[in-house]
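Participant: For the sequence shown, the residue numbers in the UniProt record's numbering are 1 to 151. Glycine residues also receive a C-beta, built at the ideal position from the N, C-alpha and C atoms. Source: prediction; values computed, not measured.
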Amino acid sequence: MSQDRPEPPTLLYLIKQVELASRAGLDELTRPAGLTALQYTALTVLERHPDLTAARLARNSFVTAQSMADMVTALLDRGLIDRHRDPRDRRRLVLSLTDDGRRLLDRLRPGVTALETRMLAQLPATAPAELRRLLEACRQGLGTPAEDRAS
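(1) Among 69, 115 and 89, which has the Cα closest to the Cα of residue 18?
(2) Output needed for residue 74: all residues of its chain with C-beta closer than 8 Å, excluding positions within five of it in sequence on either side, in chain order.
(3) Leaving out five residues before and five after residue 150 in sequence, what residues of the same chain have Cβ atoms less than 7 Å from its Cβ?
(4) Which complete alpha helix (DSSP H) runs does the UniProt domain "HTH marR-type" (8 to 140) hold, if anything under 4 residues is left out?
(5) Does the distance from the CB of residue 46 to the CB of residue 108 come in under 8 Å?
(6) Pick from 128, 100, 99 and 101: whose alpha carbon is nearest that of residue 113?
(7) Measure the alpha-carbon distance for residue 28 versus residue 142 and round it to whole angstroms.
(8) Can you check whether the CB of residue 98 is closer than 8 Å to the CB of residue 79?
(9) Residue 104 and residue 54 - do their beta-carbons sit closer together than 8 Å?
(10) Please report the distance separating the alpha-carbon of residue 140 from that of residue 133.
(11) For residue 30, which residues of its own chain have a beta-carbon under 8 Å away from its beta-carbon, when the five flanking residues on both sides are left out?
(12) Would you report the Cα separation of residue 44 and residue 4, rounded to the nearest angstrom?
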């Protein structure tokens, strides 16, 4: 074994493990409501950024445009989102949450909060804010995702 050999990217592996575990927990919470974790993510993106095109919603939800097309159809069919002309640019069709979509997110929020609390339970009381700050810095180091530029 050479001492010059770089360490494997264990931090990236650990981040991926946390992402997979949190997504599994989120799937478990959303499944009884008939949603996948990805559909839940899309709804929360629309909650924060109303009136997005499907393409922008796909980028902000970290899925392909094709996956988002199927997701949009399912969410439209359930009445959780609606599609309408952009009031600022009538040529564009945009998506937004319906009242039913907002109610569903409100119903799921306590479980999602509990999942986050469980994830952070082993940390000191001041660590969650510091973890958020550090993760934001890591994200900025890798480039700002499209969601931050959405409006």
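Facilitator: In brief:
(1) Locating residue 18 in the sequence shown gives position 18, where the first residue counts as 1. Minimum Cα distance to residue 18 is reached at 115.
(2) As a first step, residue 74 must be located in the sequence shown, where it is residue number 74. Only 39 meet the Cβ criterion.
(3) To locate residue 150, count along the sequence shown from 1; it is residue 150. Residue confidence is low: residue 150 scores 45 on pLDDT, short of 50, so the model does not pin down where it sits. No coordinate-derived value is stated.
(4) Complete alpha helix (DSSP H) runs here, min 4: 10 to 30, 37 to 48, 54 to 61, 65 to 77 and 99 to 120.
(5) Reading the sequence shown from its first residue, position 46 is the one you call residue 46. Reading the sequence shown from its first residue, position 108 is the one you call residue 108. Against a cut-off of 8 Å, the Cβ pair of residue 108 and residue 46 comes out as no contact.
(6) Here residue 113 refers to the residue found at position 113 when the sequence shown is read from its first residue. Relative to the Cα of residue 113, the nearest Cα in the group 128, 100, 99 and 101 belongs to 128.
(7) What you label residue 28 is simply residue 28 of the sequence shown in a count that begins at 1. What you label residue 142 is simply residue 142 of the sequence shown in a count that begins at 1. So the two alpha carbons sit approximately 30 Å from each other.
(8) Translated into positions along the sequence shown, residue 79 becomes position 79. Translated into positions along the sequence shown, residue 98 becomes position 98. Cβ atoms of residue 79 and residue 98: closer than 8 Å.
(9) For the purposes of this step, residue 54 is taken as the residue at position 54 of the sequence shown. For the purposes of this step, residue 104 is taken as the residue at position 104 of the sequence shown. In this structure, residue 104 does not lie closer than 8 Å to residue 54 by Cβ.
(10) Along the sequence shown, one-based indexing puts residue 140 at 140. Along the sequence shown, one-based indexing puts residue 133 at 133. Going from the Cα of residue 140 to the Cα of residue 133 covers about 11 Å.
(11) Position 30 of the sequence shown, counting from 1, holds the residue named residue 30. Spatial neighbours of residue 30 in its own chain (CB-CB distance under 8 Å, excluding positions within 5 residues in sequence) are listed in chain order as 36, 37, 39, 40 and 108.
(12) Sequence index remark: in the sequence shown, residue 44 carries index 44 (1-based). Sequence index remark: in the sequence shown, residue 4 carries index 4 (1-based). Looking at the two C-alpha atoms, the distance is approximately 45 Å.
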